[in-house]
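Take a look at the structure below.
Number of protein chains: 2
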Amino acid sequence: MSKLLIEKLREKALKVTPQRVAIYEAVIRLNNHPTAENIIDYIKKNHPTISIGTVYKVLDSLVENELLKKVKTEKDIMRYDAVLSNHHHLYCAETDRIEDYADEKLNQLISDYFKKNKIKNFKVHDIKLQITGQFN
Amino acid sequence: MSKLLIEKLREKALKVTPQRVAIYEAVIRLNNHPTAENIIDYIKKNHPTISIGTVYKVLDSLVENELLKKVKTEKDIMRYDAVLSNHHHLYCAETDRIEDYADEKLNQLISDYFKKNKIKNFKVHDIKLQITGQFN
DNA sequence: TTCTCAAAGGAGAATAATTATCATTGCCGA
DNA sequence: TCGGCAATGATAATTATTCTCCTTTGAGAA
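Residue numbers (numbering that gives the first Met the number 0), protein chains in the order written: chain A, 0 to 135; chain B, 0 to 135.
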């Protein structure tokens with residue numbers, strides 16, 4: 000399950016620690032864009048001694064090493080995502096639910112559009128849609 | 000300059016106070032998506048006695064009354080925008096610069112796309128593009 | 001214009017999320 | 001197996017924001 004993690008860590012000469020593995024797996028398991036707090040709660044079950052600071056540090060380094068992504072929210076809390084493939088997010092206006100929305104046809108449409116319509120003085124790296132609305 | 004503000008406040012039976020006017024005008028003047036801190040610094044020049052709590056309270060109520068919008072960032076700091084018309088944001092990956100990007104043709108393209116391709120179990124209210132990249 | 005009073009503001013304490021510090025631990029290459 | 005150094009744990013500090021509570025003030029009524 001954590002093959003990718005271990006590989007990436009080795010590749011960058013970072014140590015493979017049980018904490019890093021546990022945190023990475025927690026984000027995957029929790030899989031609805033957990034907050035640091037969600038992750039801490041989940042991990043404490045199997046790692047009752049893990050430190051909060053460690054969780055934040057590990058999350059940061061996993062983001063830096065492109066094993067996780069940060070998700071923007073309305074609130075001032077960071078959330079994390081283990082799905083690395085290019086996708087968008089559906090934000091529920093009522094609850095705090097955030098779901099992934101992958102749509103290759105849409106990506107194509109947008110990327111075609113920007114190929115034809117460059118933004119002046121700006122080099123686009125990445126385009127994400129924040130789709131707000133309501134689940135039903 | 001604050002006609003719209005005063006109108007909206009009156010309309011909702013909210014008091015027109017010098018603090019509200021100053022904060023609203025500050026967001027317009029600073030016009031690059033200022034943080035609360037930016038706003039406080041700016042306002043202190045003319046309103047040295049304004050309280051930080053007031054700035055936050057006013058910003059919240061202006062957002063609630065649709066005179067300002069909150070802008071999501073990578074960081075866990077809120078930023079504010081006085082431009083209400085539908086537009087997207089260009090995020091600079093290096094600096095914290097955020098610029099508006101309005102593009103009616105693009106909006107049309109996306110809204111047409113979603114008219115034809117509904118997202119199941121989800122009612123879309125609004126779609127925003129976060130375009131990250133680099134100014135040059 | 002003055003009065004009234006709820007709404008708004010000010011000062012500072014409190015909270016919550018995150019970051020920093022630093023002594024200790026443990027991963028991993030030699 | 002061992003030693004060095006990166007990573008962790010415990011906890012203090014910081015930062016952005018919210019809350020509390022008392023004072024002030026905008027604006028409708030008299």
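Heads up, the beta-carbon is just placed ideally off N, CA and C, and yes, glycines get one too. Owing to the predicted nature of the structure, the values given are computational and were not obtained by experimental measurement.
Apart from sequence neighbours up to five positions away, the residues of its chain that approach A:ARG19 with a beta-carbon distance below 6 Å are VAL57, ordered along the chain. For the pair A:GLN133 and A:GLU93, the CB atoms are nearer than the 8 Å cut-off.
A:ASP80 is classed as buried because its beta carbon has at least 16 other beta carbons within 10 Å across all chains shown. As for any beta strand (DSSP E) of minimum length 3 sitting wholly inside the segment 39 to 70 of chain A, the runs are 68 to 70, ordered along the chain.
Chain-order list of chain A residues neighbouring B:LEU108: LEU108, ILE109, TYR112, by C-beta distance under 9 Å.
In the DSSP assignment, A:ASP99 forms a beta bridge with A:HIS88. A straight-line Cα-Cα distance of about 17 Å links A:VAL26 and A:VAL15.
Interface flag for A:ALA35 against chain B is unset, since no Cβ pair is found closer than 8 Å. Shown here, B:ILE126 sits in a strand according to DSSP, grouped into three states.
Listed in chain order, the non-local C-beta contacts of B:GLU98 below 6 Å within the same chain comprise LEU89, local neighbours out to five positions each way being set aside. For B:ASP95, the closest of B:LYS71, B:VAL54, B:ILE5 by C-alpha to C-alpha distance is B:LYS71.
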